[in-house]
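S.K.: Using UniProt numbering, the first residue of the sequence shown is number 1, and each one after it goes up by one. For each residue, glycine too, the CB sits at the ideal point set by N, CA and C. Dropping a structure here in structure tokens format, bear with me for questions.
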Amino acid sequence: MALKTTIDPMGIFKRLRVVKTGGKLDGNKEFILWLLYVNQYRTKRGGRFWFSDDKLFDLLRKTKSEEELVTLFQSLRQYQDIKYITDDMQAYMILSSASSHRLVNEAWLKSRETPEKVFNILRLGAEALFSLDSSPLFIQWLRYIIMYRAVVGSDSFTDLQTLDFLLERSRLSTTTSFGTLIQSFKDIPDLEMFAKKLSNAPLSKVGKRLRHNPD
């Protein structure tokens, strides 16, 4: 798409042949080139504030159904140059409604996306502890672990593996901070049992990991 990067992506989107005809966006070369243009436009303008994720998501949501968007975003993850955008869009869908959240989880499970991979898609590794314990995306990630085990097997991403992963990736520095994090979701009914299992993990396991991950 050889265009000057001063042209508003929204105007270009509306002129795309696939949009005018109501065709499928996933796998459509014209649409993929448009997403690449969005990246270029943002870079040229100085950041993601220009044609924001909010605006992009709202534009696509007006064009396609929830089911179509979930399929679209999952299929686009194979393209490295626009993977950052598609991960953002999946995070938006997780939070936009209960139905879209369910559809995204189903797509991830169908693709056998591991909890580690989903953690990265949601960019939870960039969150500090004080943000994690109130992050709706973190709560949804914990729920995904439960769903993943139900489909793949209970020995997949076990409680101890979850604990080890969290201690390694989430900047937890003391057993107190770990306990605070676990306590924060004990009052959520569908996560209460999971929280209890994590809090009952051997303290020696917690301490060993923390000693090897100082601030």
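Let me make sure I understand the geometry here. Which of S134, G179, S156 and Y41 has the alpha-carbon closest to that of G11?
M.R.: Nearest C-alpha to G11: Y41.
S.K.: Answer yes or no: do D53 and D26 have a C-beta to C-beta separation smaller than 7 angstroms?
M.R.: In this structure, D26 does not lie closer than 7 angstroms to D53 by Cβ.
S.K.: Sorted by chain position, which residues of the same chain lie with C-beta nearer than 8 angstroms to W141's C-beta, five sequence neighbours on each side aside?
M.R.: Contacts found: P115, V118, F119, L122 and L124.
S.K.: Can you tell me which of T71, G47 and Y79 puts its alpha carbon nearest to the alpha carbon of W108?
M.R.: That would be T71, whose Cα lies nearest to the Cα of W108.
S.K.: Is L76 closer than 7 angstroms to T63 when the C-beta atoms are compared?
M.R.: It is not a contact, given that the beta carbons lie outside the stated cut-off.
S.K.: In the DSSP assignment, find the unbroken alpha helix (DSSP H) run with L56 in it and report its ends.
M.R.: D53 to T63 is the extent of the alpha helix (DSSP H) around L56.
S.K.: Specify the secondary structure class of L163 as computed by DSSP and reduced to three states.
M.R.: DSSP places L163 in helix when its eight states are reduced to three.
S.K.: Go ahead and pull the three-state DSSP assignment for R77.
M.R.: In this structure, R77 counts as coil in the three-state DSSP scheme.
S.K.: Taking Cβ to Cβ, would you say Y144 is nearer than 7 angstroms to N105?
M.R.: Their beta carbons are under 7 angstroms apart, which means Y144 touches N105 by this criterion.
S.K.: Quick one: what's got a C-beta closer than 8 angstroms to L16's C-beta in the same chain, skipping five residues either side?
M.R.: E30, F31 and W34.
S.K.: Using 7 angstroms as the threshold, is the C-beta distance between L167 and L198 below it?
M.R.: It is not a contact, given that the beta carbons lie outside the stated cut-off.
S.K.: With burial defined as no fewer than 16 other Cβ atoms inside 10 Å of the residue's Cβ, what is the status of P9: buried or exposed?
M.R.: So P9 ends up on the buried side.
S.K.: What did DSSP end up calling S99 once you bin it into helix, strand or coil?
M.R.: Helix, per DSSP.
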